[in-house]
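K.L.:
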Amino acid sequence: MSKSLVPSVCPYCAAGCGFYITVEKDKATGIEYMLDHPASEGALCSKGNAALEIIYSEDRLRHPLVRKGEGWAKLSWEEALDLVARRLSRIIEQSGPESVGFLSSSKCTNEENYLVQKLARCLGSPNVDNCARLCHAPTVVGLNMTVGAAAMTNPIPDLANSRCIFIIGSNLAENHPILSRWIHRAKDSGAVVIVADPRLTHTAWLADIFLQIKPGTDVALLNGMAHVVVNEGLTNGEFISKRTRGYSDFAESLRDYAPQKASEIAGIPAGDIVRAARAYAISPASSIVYSMGITQHSTGTSNVVAISNLALITGHIGRPGAGIFPLRGQNNVQGACDMGALAEFYPGYRRAEDPETLELFSLAWGTAGLPAGPGLTSTEMMDGILEGKVRALYIVGEDPANSDSHSNRIRDALESLEFLAVQDIFPTATAQLADVVLPAAAWAEKEGTFTSTERRVQWTERAVSPPGEARSDQEIICSLAAKLGLGLQFKYPDAASVLFEINRLVPAYAGITRERLGSCGLVWPCPSSEHPGTPILHAQGFKFEDGRGYLVPVKYQPAAEEVSREYPLLLTTGRVAVHHNAGSMTRRSPSLMEREPELFIEINPADAVELKVANGDEVTVESARGRTAAKARLTERVKRGVVFMPFHFPGTNLLTTDARDPHAKIPQFNVAACRIARRD
Amino acid sequence: MPVYVDISRCIGCRSCEVACQRVHEGRGHVNVHYAGDHAAVPVFCHHCQEAMCAKACYTSALYKDGERTAFAVDKCTGCGLCRLACPFGVVWTDKLAHKCDLCSPRETPTCILTCPANALTTDYESASRRARARAAMMVAHGGRR
Amino acid sequence: MIKVDPALCIGCLACSNVCPSKNIVRDDTIEKRTISWKKCGEECDLCVEFCPARVLTLVAESEETAIAFELVACRICGTRYATEPMLRRIEASLPEALQKDSSGLAWIWVCPVCRRNIEAERATREMVLGRSRSVMGDRDR
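Here it is as structure tokens:
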């Protein structure tokens, strides 16, 4: 029996670990580790090891389905695509293309994301977005503004070269586990690790200095640290004068953030803020690693800018061991953003309102009437539905019914939609609300490129055939486009031909051709076919005309929801090691479910005593938006007054608020007020 | 030689557990234990020199093969004595016995290859060196890291 | 027919596992294990051969027998995890010095889950102390 090893990229997080799928007779029978992978050295976390369980899950969607009464009826592909095309066309005819929205998938390939935004825009709709809106939108907005590029500035292994690693709002030990091997190497060489998080997470085990801050107070902490750096003369004067703008206004703005003041707001000792600031500034090469704890706030963009400010005034950017590391979540969220599946950007981060952008793509796509952006973001699309402005949604590989905050409102919106089409691999909660469901191929059943958080673009081979009548997302989008009269613009024999088009339209991907994508992929920007790729960004200058980055003063603002007498506990949300995001994949993986089978809430034991809740009790958690049941886990990991719930199980987002960051439109998942009662 | 754990590196991600289970058809032999909120460690077979599981086994299904405590599944009757004989509770029985076999005949145990934190090794020298360096550091810092 | 010497049966799982014809039935509840030897056509003698305690013989005529064992409770967590004769056999096979661990615990009378927990705690003791001191300090929480 012939066995083949097919190279693949893990479908879970954005670390982009590679591994081989063992294939025998068109069946994926095992995994072999890819020992020469640059980021992982062959390692693979618990989710990656369980990845094959998704492929053969009983729940896989196999046939196109249309809603019929209380249930579903099977359709042929012809019928299904005709139906979708007809309904979409009718709505576009009646109320214009702005009344239709598209959600592209951060789990789909670059080629597929490129096609979804192309379809939306060729139809005249500016409303295309992806789930980056719920996760790193503040990074996209904030870092584009301050340093001209919204991506991790250094490669993952480069963390081993850092001598001070400041991890804020990231539980990488559970969510990006392979980063820890590089951090351990840095520590072996004497690096200092600082961790700021409201919880004593597994990541905090790596810390030399642990800052257990109150949720939502990151700007106070970061400004407090910047205050120390400025006032103790620890700034990098040469870097500031040669590579930045706006220092004097920025330094002035820090007046109100003396360590004592920052300490009062953040709830940690002033001395710790001073120590952390000094260590970060003095070390010869320092890195800041951050994720959802920074972005998922109504002040998310300010949080990101505050991080950027700290890196700029100390000159810790643009060289080995020194950089800003936003840890992206989904396996291809970086790519989805690079491909312009965003309301405010066309491919390559060209601004959607810029007439030059529209001209360029009109020419490239052979179509007139491309819509000027910015379109509605995914969060605003939900508003639009409730206001009657958006009548149809086409959702690819996303589960807003579980992933968005304030689930009740989202479900109301999706239920009230005139037409909802969902393209996915599983019957998610969102698919259950659809009019038409189209079965898609999983990552191992198609080919294309994925871009990891370190900007590494990797080609993944098709290992096995999809089940039933499921097709690759590329095939589905192109067939649908043909039904909508766009057949000419969507004629692609394979994924490589889409990549070829991307090479010509996205400058950073220009040299990332199919032929050059061997075993390790290529790191963008890669502007030509001789270019080796760019592991470290901003080495020569920032992506602005004069090459200078911006120092932008940010003020601390309290989170959009605070505790009250009615809701006295502060709920913060996050993830655990064996699950991934809204759980549509990991909750269908037996080996992961056996390890974390249900929704729980972490409660400080002293709070639990007052609530008369014992470890393991079933409790009801309630906020102003809804209520859900959870199992109590008593732990000192959270401070008094703070509780934590993972969002992998439906229920957590019934509680979260939809207060948003005004610039990035991201909901505030990480701060909500709640109360707990024991269920008897 | 068993697999050694550098406890300072374990991040409690349970990848070793899932990987071991995957390569052994659903019956894994690693268990990650959490010590309160401050540490985690996978517990698995020590491949003891004086293997008590092998002593208890009356069919010689469990036996010493050099440094490794090996298991010949075709001799196992599933009696359950080995599970009770192991002082560390790392022999499992589920119809038949199973325990860490160092993934033989593969060259390197799967847990070592998969560990994201690079915390596992069969190299006694390096594991011992790291442990002692850490202990020296602790002592010098009066019990703090 | 299978004849059992009830005084010597240790209540293990071997005979019920190896019988190809399901003539030996084992019923495990949380607190008790019952092994029943039913009518047997004597097609083989696997049970006789593989009984660790050599308590089975094949005879022409015999009653159907059943023996119940109360499962021993773990000295730490109380979970029932083994029959007493099996534990006694383990005890008897080890020199006395090995029957207690370094802290004096008679580990044979502790269940496998607790044994793993103890091992894990022993291994992480220093690490937990070091981390909790350095990370939490003497601060009030």
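Respectively, the protein sequence lines represent chains F, C and E. Read in the working numbering, the first sequence has 1373 at position 109, and its numbers run on one by one without any break. Read in the working numbering, the second sequence has 61 at position 55, and its numbers run on one by one without any break. Read in the working numbering, the third sequence has 492 at position 138, and its numbers run on one by one without any break. Even glycine gets a Cβ: it sits at the ideal position worked out from N, Cα and C.
Is residue 1519 of chain F buried or exposed, if buried means 16 or more other CB atoms sit within 10 Å of its CB?
P.N.:
As a working mapping, residue 1519 of chain F is identified with position 255 in the first sequence. With fewer than 16 other Cβ atoms within 10 Å, it is exposed.
K.L.:
Could you tell me which chain E residues have their CB closer than 7 angstroms to the CB of residue 1469 of chain F, listed as they occur along the chain?
P.N.:
Walking along the first sequence from the start, residue 1469 of chain F turns up at place 205. Under the 7 angstroms cutoff, chain E gives 485.
K.L.:
Check whether the Cβ atoms of residue 49 of chain C and residue 473 of chain E sit closer than 8 angstroms, and answer yes or no.
P.N.:
Mapped onto the second sequence, residue 49 of chain C falls at position 43. Mapped onto the third sequence, residue 473 of chain E falls at position 119. Contact: yes.
K.L.:
Roughly how many angstroms lie between the CA atoms of residue 1897 of chain F and residue 1873 of chain F, to the nearest whole one?
P.N.:
To locate residue 1897 of chain F, count along the first sequence from 1; it is residue 633. To locate residue 1873 of chain F, count along the first sequence from 1; it is residue 609. Distance between the alpha carbons of residue 1897 of chain F and residue 1873 of chain F is about 12 angstroms.
K.L.:
In whole angstroms, what separates the C-alpha of residue 493 of chain E from that of residue 1532 of chain F?
P.N.:
By one-based count along the third sequence, residue 493 of chain E stands at place 139. By one-based count along the first sequence, residue 1532 of chain F stands at place 268. With a pLDDT of 47 at residue 493 of chain E, under the threshold of 50, the modelled position of this residue cannot be trusted; read the value that follows with caution. Straight-line Cα distance between these residues: approximately 10 angstroms.
K.L.:
Got a sec? Which residues, its chain only, sit under 6 angstroms from residue 1721 of chain F by beta carbon, not counting five neighbours each side?
P.N.:
Here residue 1721 of chain F corresponds to residue number 457 of the first sequence, with the count starting at 1. Excluding positions up to five away in sequence, the list reads 1713, 1715, 1776, 1785, 1786.
K.L.:
Could you give the distance in angstroms between the alpha-carbon of residue 482 of chain E and the alpha-carbon of residue 428 of chain E?
P.N.:
In the third sequence, counting from the first residue as 1, residue 482 of chain E sits at position 128. In the third sequence, counting from the first residue as 1, residue 428 of chain E sits at position 74. Each residue's Cα considered, the two are about 26 angstroms apart.
K.L.:
Within 10 angstroms of the Cβ of residue 1755 of chain F, are there 16 or more other Cβ atoms? Answer buried if so, exposed if not.
P.N.:
Residue 1755 of chain F sits at position 491 when you count from the first residue of the first sequence. By the neighbour-count criterion, in which 16 or more other beta carbons inside 10 Å mark a residue as buried, residue 1755 of chain F falls on the exposed side.
K.L.:
Which of the three DSSP states is assigned to residue 1731 of chain F in this structure?
P.N.:
For the purposes of this step, residue 1731 of chain F is identified with residue 467 of the first sequence, where counting begins at 1. Correct three-state label for residue 1731 of chain F: coil.
K.L.:
By the DSSP assignment, the beta strand (DSSP E) with residue 1284 of chain F in it spans what residues?
P.N.:
Here residue 1284 of chain F refers to the residue found at position 20 when the first sequence is read from its first residue. First-last of the beta strand (DSSP E) with residue 1284 of chain F: 1282–1288.
K.L.:
At a CB-CB cut-off below 7 angstroms, which residues of chain F make contact with residue 19 of chain C?
P.N.:
Here the question's residue 19 of chain C lines up with position 13 in the second sequence. Here the neighbours are 1309, 1310, 1437, 1438, 1441, 1841.
K.L.:
Helix or strand or just coil, what does DSSP make of residue 1521 of chain F?
P.N.:
Here the question's residue 1521 of chain F lines up with position 257 in the first sequence. Here residue 1521 of chain F sits in coil by DSSP.
K.L.:
Taking the straight line between their C-alpha atoms, what separation do you get for residue 1440 of chain F and residue 1278 of chain F?
P.N.:
The residue given as residue 1440 of chain F occupies position 176 in the first sequence. The residue given as residue 1278 of chain F occupies position 14 in the first sequence. Rounded to the nearest angstrom, the two C-alpha atoms are 8 angstroms apart.
K.L.:
Could you have a look at residue 1685 of chain F and say whether DSSP puts it in helix, strand or coil?
P.N.:
Position 421 of the first sequence holds residue 1685 of chain F. Three-state DSSP puts residue 1685 of chain F in a strand.
K.L.:
Just to confirm, is the Cβ distance from residue 1816 of chain F to residue 1410 of chain F under 8 angstroms?
P.N.:
Residue 1816 of chain F sits at position 552 when you count from the first residue of the first sequence. Residue 1410 of chain F sits at position 146 when you count from the first residue of the first sequence. Taking 8 angstroms as the Cβ cut-off, residue 1816 of chain F and residue 1410 of chain F qualify as a contacting pair.
K.L.:
Against chain C, with Cβ distances strictly below 8 angstroms, would residue 466 of chain E count as a contact?
P.N.:
As a position in the third sequence, residue 466 of chain E is number 112, starting the count at 1. Judged by the 8 angstroms Cβ criterion, residue 466 of chain E is in contact with chain C.
K.L.:
Applying the criterion that 16 or more other CB atoms from any shown protein chain within 10 Å of the CB defines a buried residue, is residue 1654 of chain F buried or exposed?
P.N.:
Taking the first sequence and counting its residues from 1, one reaches residue 1654 of chain F at position 390. Looking at its Cβ environment, which holds 16 or more other Cβ atoms inside 10 Å, residue 1654 of chain F is buried.
K.L.:
Using the rule of at least 16 other Cβ atoms within 10 Å of the residue's Cβ for burial, across every protein chain shown, is residue 1403 of chain F buried or exposed?
P.N.:
As a first step, residue 1403 of chain F must be located in the first sequence, where it is residue number 139. By the 10 Å Cβ count, residue 1403 of chain F comes out buried.
K.L.:
Taking the Cβ atom as the reference point for each residue, do residue 1577 of chain F and residue 1530 of chain F lie within a distance shorter than 8 angstroms?
P.N.:
By one-based count along the first sequence, residue 1577 of chain F stands at place 313. By one-based count along the first sequence, residue 1530 of chain F stands at place 266. Cβ atoms of residue 1577 of chain F and residue 1530 of chain F: not closer than 8 angstroms.
K.L.:
Taking the straight line between their C-alpha atoms, what separation do you get for residue 1926 of chain F and residue 104 of chain C?
P.N.:
Here residue 1926 of chain F refers to the residue found at position 662 of the first sequence. Here residue 104 of chain C refers to the residue found at position 98 of the second sequence. Cα to Cα, the separation comes out at about 57 angstroms.
K.L.:
Is there contact here, the segment 1597–1615 of chain F with the segment 1391–1402 of chain F, by at least three beta-carbon pairs under 8 angstroms?
P.N.:
yes
K.L.:
Quick one: Cα of residue 121 of chain C to Cα of residue 1783 of chain F, how far?
P.N.:
Numbered from its first residue, the second sequence carries residue 121 of chain C at position 115. Numbered from its first residue, the first sequence carries residue 1783 of chain F at position 519. Going from the Cα of residue 121 of chain C to the Cα of residue 1783 of chain F covers about 21 angstroms.
K.L.:
On a CA-only basis, which of F:1625, F:1390, F:1670 is nearest residue 1753 of chain F? Give me that one, please.
P.N.:
Residue mapping note: residue 1753 of chain F aligns to position 489 of the first sequence, counting from 1. Of the candidates F:1625, F:1390, F:1670, the one whose C-alpha sits nearest the C-alpha of residue 1753 of chain F is F:1625.
K.L.:
Can you give the Cα-Cα distance for residue 1876 of chain F and residue 70 of chain C, rounded to whole angstroms?
P.N.:
Residue numbering aside, residue 1876 of chain F sits at position 612 when the first sequence is read from its first letter. Residue numbering aside, residue 70 of chain C sits at position 64 when the second sequence is read from its first letter. About 53 angstroms.
K.L.:
Taking 8 angstroms as the CB-CB cut-off, is residue 15 of chain C touching chain E?
P.N.:
As a first step, residue 15 of chain C must be located in the second sequence, where it is residue number 9. Not an interface residue.
K.L.:
Using three-state DSSP, classify residue 420 of chain E as helix, strand or coil.
P.N.:
Position 66 of the third sequence holds residue 420 of chain E. Strand.
K.L.:
Over the uninterrupted alpha helix (DSSP H) stretch that includes residue 372 of chain E, give me the two end residues.
P.N.:
Translated into positions along the third sequence, residue 372 of chain E becomes position 18. Its alpha helix (DSSP H) spans residues 368–372.
K.L.:
Count the other CB atoms within 10 Å of the CB of residue 1544 of chain F; is the residue buried (16 or more) or exposed (fewer)?
P.N.:
Sequence index remark: in the first sequence, residue 1544 of chain F carries index 280 (1-based). Buried: at least 16 other Cβ atoms inside 10 Å.
K.L.:
Helix, strand or coil for residue 1546 of chain F, going by three-state DSSP, please let me know.
P.N.:
As a first step, residue 1546 of chain F is located in the first sequence; it is residue number 282 there, counting from the start. Note: residue 1546 of chain F maps to helix in three-state DSSP.
K.L.:
Within 10 angstroms of its Cβ, does residue 362 of chain E collect 16 or more other Cβ (buried), or is it exposed?
P.N.:
Here the question's residue 362 of chain E lines up with position 8 in the third sequence. Exposed, by the Cβ-count rule.
K.L.:
When you compare the segment 1862–1871 of chain F with the segment 1905–1925 of chain F, are there three or more beta-carbon pairs, one atom per stretch, that lie closer than 8 angstroms?
P.N.:
Yes: the two stretches touch, three or more of their Cβ pairs being nearer than 8 angstroms.
K.L.:
For residue 1297 of chain F, go through chain C and note every residue whose CB falls closer than 7 angstroms to its CB, in chain order.
P.N.:
One-based indexing of the first sequence puts residue 1297 of chain F at position 33. Chain C residues near residue 1297 of chain F: 119, 120.
K.L.:
Cβ of residue 375 of chain E within 8 angstroms of Cβ of residue 389 of chain E?
P.N.:
If you number the third sequence from 1, residue 375 of chain E lands on position 21. If you number the third sequence from 1, residue 389 of chain E lands on position 35. Contact: no.
K.L.:
Quick check on this structure: which residue in F:1313, F:1426, F:1337 has the alpha carbon closest to the alpha carbon of residue 1326 of chain F?
P.N.:
As a first step, residue 1326 of chain F must be located in the first sequence, where it is residue number 62. Cα-wise, what sits closest to residue 1326 of chain F is F:1337.
K.L.:
One question on the structure: do residue 1808 of chain F and residue 1412 of chain F come within less than 8 angstroms of each other, judged by their Cβ atoms?
P.N.:
Within the first sequence, numbered from 1, the residue matching residue 1808 of chain F stands at position 544. Within the first sequence, numbered from 1, the residue matching residue 1412 of chain F stands at position 148. Yes; because the gap between Cβ atoms is below 8 angstroms, this pair is in contact.
K.L.:
What first and last residue would you give for the beta strand (DSSP E) that runs through residue 1244 of chain F?
P.N.:
In the structure displayed, chain F extends from 1265 to 1944; residue 1244 of chain F sits before or after that span and is not available.
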